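Chains as they are written, first to last, in our numbering: chain Z, 1 to 163; chain L, 164 to 260.
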Amino acid sequence: MSEVLEVGISAELAAKIREHGIETYPYECCGALLGKELGTTDGAESEAIGAGSSREIRSLHPLVNRRDDSPRNRFSVTAEDVREAEKAARAQGLEVIGWYHSHPDHPARPSDYDRDHAWPWYSYIIVSVHTGVPQDMTSWRLKDDRTGFLEEKILPMKVSVAR
Amino acid sequence: MSVKVMIPTPLRVYAGKRASAEFSAATVGEALSGLTSQFAELRKHLYTEDGKLRAFVNVYLNDEDIRYLSQEGTPTKDGDTISIIPSIAGGVCENAV
Chain Z
1 MSEVLEVGIS
11 AELAAKIREH
21 GIETYPYECC
31 GALLGKELGT
41 TDGAESEAIG
51 AGSSREIRSL
61 HPLVNRRDDS
71 PRNRFSVTAE
81 DVREAEKAAR
91 AQGLEVIGWY
101 HSHPDHPARP
111 SDYDRDHAWP
121 WYSYIIVSVH
131 TGVPQDMTSW
141 RLKDDRTGFL
151 EEKILPMKVS
161 VAR
Chain L
164 MSVKVMIPTP
174 LRVYAGKRAS
184 AEFSAATVGE
194 ALSGLTSQFA
204 ELRKHLYTED
214 GKLRAFVNVY
224 LNDEDIRYLS
234 QEGTPTKDGD
244 TISIIPSIAG
254 GVCENAV
């Protein structure tokens, strides 16, 4: 894994994640982050403010939370949904670089449950939605040894490259 | 018998950045065992500490979920492709990490 843990996202796409969290409140929302891995470039390819962004989110693929037993505090998307998200990414010349979900009435920090169901490399964006109002948005990557997450910096991008 | 295992993007970093690897295997379990023997760092992201496939890790033989076949004992034949697809899950717990 790159040591530079940064993910670029436009204000427009960040707002869409928050809106999705508002729509599904008090249940969790979830979706795929479609984008490009940029490695540790000098930022020449990047629309992000500042150099060194390791990846950029260019598009979102909202998904349906399949958990109907406890949708307030769990989200689940099936392998078929994942395949569909990967297909949507390929159609746009992108790849699935991570996932987003909301934490209704809880902080935007990953839970033990999140850790048990994560893979490294993916960016996991969490938005806290408190009494229906979006609060903090954070992004995380699972450590190689699965003992916890490392927070990655969310870099605001000037423009959304693809919609 | 040669079976191709497709390595998902997030795990390629533990497999020399390869997108796939081929193994001689008579069952899906043998192919996955070949994969995790050759690339030991992959193992903990596919299996729990007690050696069971993680609940969110789905394995397909060609396009069939092995849960509906004979799980890891599902026989393979020459030219088969195994795919590893995660189900994405998460959510709030009392204990943040």
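Note that CB positions come from ideal geometry on N, CA and C, so glycine has one too. If you're wondering where the values come from, they're calculated on a predicted model, not measured in any experiment.
CB of residue i within 8 Å of CB of residue j, strictly
i: W119/Z; j: L174/L; result: yes
i: E95/Z; j: T172/L; result: yes
i: D182/Z; j: L60/Z; result: The structure shown does not extend to residue 182/Z, since chain Z is modelled only from 1 through 163, so no value can be given for it.
i: F75/Z; j: G254/L; result: yes
i: D136/Z; j: S123/Z; result: no
i: H117/Z; j: A178/L; result: no
i: G35/Z; j: R58/Z; result: yes
i: E56/Z; j: S102/Z; result: no
i: V191/L; j: V220/L; result: no
i: M157/Z; j: G8/Z; result: yes
i: A194/L; j: V166/L; result: yes
i: T261/L; j: M164/L; result: Residue 261/L is absent from the model: chain L starts at 164 and stops at 260.
i: T78/Z; j: R90/Z; result: no
i: I248/L; j: L209/L; result: no
i: K153/Z; j: L5/Z; result: yes
i: W121/Z; j: V168/L; result: no
i: R72/Z; j: R115/Z; result: no
i: H130/Z; j: D112/Z; result: no
i: E37/Z; j: I97/Z; result: yes
i: A189/L; j: I170/L; result: no
i: T199/L; j: L205/L; result: yes
Local Cβ density within 10 Å of residue i, reported as buried at 16 or more and exposed below that
i: E151/Z; result: exposed
i: E185/L; result: exposed
i: S187/L; result: exposed
i: A14/Z; result: buried
i: G165/Z; result: No information on residue 165/Z is available, as it lies outside the stretch 1 to 163 that chain Z covers here.
i: R141/Z; result: buried
i: V133/Z; result: exposed
i: K215/L; result: exposed
i: A108/Z; result: buried
i: G31/Z; result: buried
i: E23/Z; result: exposed
i: E12/Z; result: exposed
i: Y231/L; result: exposed
i: V16/Z; result: According to the sequence as given, residue 16/Z is Lys; it is not Val. It is buried - the Cβ of K16/Z has at least 16 other Cβ atoms within 10 Å.
i: A85/Z; result: buried
i: S10/Z; result: buried
The beta strand (DSSP E) enclosing residue i, as first and last residue numbers
i: F8/Z; result: The displayed chain sequence assigns Gly, not Phe, to residue 8/Z. Looking at the DSSP string, the run of the beta strand (DSSP E) that includes G8/Z is E6 to S10.
i: I251/L; result: I251 to G253
i: A178/L; result: Unbroken run through A178/L: none, as it is neither H nor E.
i: M169/L; result: S165 to M169
One or two residues paired with residue i in a DSSP bridge
i: R146/Z; result: Beta-bridge pairing links R146/Z to no other residue.
i: A167/Z; result: Past the boundaries of the shown model lies residue 167/Z; chain Z is included only from 1 to 163, so the question cannot be answered.
i: C30/Z; result: L63/Z and H101/Z
i: R141/Z; result: L150/Z
i: T190/L; result: P238/L
i: E185/L; result: K167/L
i: L155/Z; result: G8/Z
i: E37/Z; result: R55/Z
i: P134/Z; result: V129/Z
i: M247/L; result: Contrary to the premise, residue 247/L reads as Ile rather than Met in this sequence. DSSP, once it has assigned bridges, lists V222/L as partnering I247/L.
(request) Would you list, in sequence order, the uninterrupted alpha helix (DSSP H) runs of no fewer than 4 residues that lie entirely inside the stretch 195-243 of chain L? (result) 206-209
(request) For the stretch 53-131 of chain Z, list the alpha helix (DSSP H) runs that are entirely contained and at least 4 residues long, ordered along the chain. (result) 79-91 and 112-116
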